[in-house]
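S.K.: Once you've had a glance at the structure underneath, I'll fire off some questions.
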Amino acid sequence: MASNTQRRDITRDRIVKAAAGLLREQGPAAVTTRRVAHEAGLQPPALYRFFQDKDDLLDAAADHVFAEHVASKQTAAPSDDPVEDLRAGWHTQISFGLANPYVYGLLLDPARAREAPAQATGVQVLAERVHRIAAAGRLRVSEERAVNLIRAAGVGTVHTLLTLPPEHDDPHLADAAFDAIARAILTDEPTVSGQDQAAVIAAFRTLVPELPSLSKAEAALLDQWLQR
24 MASNTQRRDI TRDRIVKAAA GLLREQGPAA VTTRRVAHEA GLQPPALYRF FQDKDDLLDA
84 AADHVFAEHV ASKQTAAPSD DPVEDLRAGW HTQISFGLAN PYVYGLLLDP ARAREAPAQA
144 TGVQVLAERV HRIAAAGRLR VSEERAVNLI RAAGVGTVHT LLTLPPEHDD PHLADAAFDA
204 IARAILTDEP TVSGQDQAAV IAAFRTLVPE LPSLSKAEAA LLDQWLQR
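So, in structure tokens, the structure goes:
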């Protein structure tokens with residue numbers, strides 16, 4: 024027999040899934056207490072046992088949709104080419120934004136002033152892909168800069184494609200945007216000779232935490248020096 028906590032979690036999950044379905048298909052305006060309760064098989068007052076208001080419910084619904092997206096990215100097995108993995112991840116992210124404009128808009132709305140837990144996980148997935156590129160000697164900027172540039176370009180690309188008039192649709196914009204970012208953050212070939220100092224430093228920084236002869240404090244200090 025399910026405990027009270029388990030039953031509560033099951034009910035909350037039903038509510039969130041119902042709200043997420045309405046949000047994806049019809050937008051925030053469709054996520055009303057009455058409609059969500061109907062879809063979840065509950066009475067409207069029951070929703071307030073789990074969510075303070077509509078904004079709280081919208082946040083949970085948007086996070087649920089994005090969490091499913093991030094989970095699918097985490098299960099993708101890496102290939103032997105970290106750059107191609109980054110490109111594949113880029114197109115997956117752009118496709119998600121275009122297929123879920125209402126969710127994407129909520130997640131990126133500065134007025135809501137909150138980062139969904141799934142967003143933080145998504146950034147970590149991106150950071151891991153960038154880290155693999157740095158370890159391969161292909162990164163010409165810091166990992167943090169690369170992650171921020173990719174995120175900024177991705178948001179801008181999705182926003183632009185969603186707001187372009189149909190007659191000005193540009194099916195190649197996402198490819199062009201990735202190529203521009205790649206030129207800014209990647210070297211042409213793995214750096215082994217030291218010709219690209221920034222790439223060498225970025226690659227070496229990925230090894231610092233694994234150096235057995237350094238304490239945590241020494242590794243942190245060395246990493247600070249490498250960032251100068």
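Per my numbering, residue 24 is the first one in the sequence shown, and the count goes up by one each step. Glycine included, every Cβ here is placed at the ideal spot set by N, Cα and C.
In the DSSP assignment, what residue or residues form a beta bridge with residue 162?
M.R.: In the DSSP output, where bridge partners are listed per residue, residue 162 has 209.
S.K.: Jot down the residue ranges of each uninterrupted beta strand (DSSP E) in the region 106-171, minimum 3 residues, whole runs only, in chain order.
M.R.: Taking only runs of at least 3 residues, no beta strand (DSSP E) segment lies wholly in the region 106-171.
S.K.: Starting from residue 55 and walking both ways along the alpha helix (DSSP H), at which residues does that stretch end?
M.R.: That residue, residue 55, is in no alpha helix (DSSP H); it is neither H nor E in DSSP.
S.K.: What is the C-beta distance between residue 163 and residue 208, in whole angstroms, given that I count them as a contact (C-beta under 8 Å)?
M.R.: With 8 Å as the limit, residue 163 and residue 208 qualify as a contact, their Cβ atoms being about 6 Å apart.
S.K.: CB-CB under 7 Å to residue 39, same chain, minus the five flanking residues each way: which ones, in chain order?
M.R.: Hits under 7 Å: 83, 84 and 87.
S.K.: I'd like to know whether the C-beta of residue 163 is nearer than 9 Å to at least one C-beta of chain C.
M.R.: Judged by its chain identifiers, the structure shown contains no chain C, having just a single protein chain.
S.K.: Within its chain, find whatever has a CB closer than 8 Å to the CB of residue 202; leave out the 5 residues flanking it on each side and keep chain order.
M.R.: If we look at residue 202 and ignore the five residues flanking it on each side, it has no Cβ neighbours.
S.K.: Is DSSP giving residue 26 helix, strand or coil here?
M.R.: Here residue 26 sits in coil by DSSP.
S.K.: Using the three-state DSSP reduction, which class does residue 100 fall into: helix, strand or coil?
M.R.: Coil.
S.K.: Can you round the beta-carbon distance between residue 125 and residue 181 to whole angstroms, since I take them to be within the 8 Å contact cut?
M.R.: About 13 Å; that fails the 8 Å criterion.
S.K.: On a CA-only basis, which of 26, 173 and 27 is nearest residue 259? Give me that one, please.
M.R.: The question about residue 259 has no answer, for the chain in this structure spans 24 to 251.
S.K.: Classify residue 134: buried if its beta carbon has 16 or more other beta carbons within 10 angstroms, exposed otherwise.
M.R.: The residue is exposed, with fewer than 16 neighbouring Cβ atoms inside 10 Å.
S.K.: Would you call the region 142-157 in contact with the region 92-99, where contact means no fewer than 3 C-beta pairs closer than 8 Å?
M.R.: Yes: the two stretches touch, three or more of their Cβ pairs being nearer than 8 Å.
S.K.: If we ignore side chains and look at the alpha-carbon of each, how far apart do residue 26 and residue 89 end up?
M.R.: Going from the Cα of residue 26 to the Cα of residue 89 covers about 28 Å.
S.K.: In chain order, what residues of the same chain have a beta carbon less than 7 Å from the beta carbon of residue 117, not counting five sequence neighbours either side?
M.R.: So the qualifying residues of the chain are 177, 180, 181 and 197.
S.K.: Using alpha carbons as the reference points, say which of 160, 80 and 68 lies closest to residue 104.
M.R.: For the residues 160, 80 and 68, the minimum Cα distance to residue 104 belongs to 160.
S.K.: DSSP three-state label for residue 65, please.
M.R.: Coil.
S.K.: Helix, strand or coil: which one does DSSP assign to residue 36?
M.R.: Correct three-state label for residue 36: helix.
S.K.: Candidates 109, 189 and 122: which alpha carbon is nearest residue 151's?
M.R.: The option with the nearest alpha carbon to residue 151 is 109.
S.K.: Taking just the CA atoms, how far does residue 129 sit from residue 158?
M.R.: Straight-line Cα distance between these residues: approximately 35 Å.
S.K.: Quick check: what's the CA-CA separation for residue 168 versus residue 193?
M.R.: About 27 Å.
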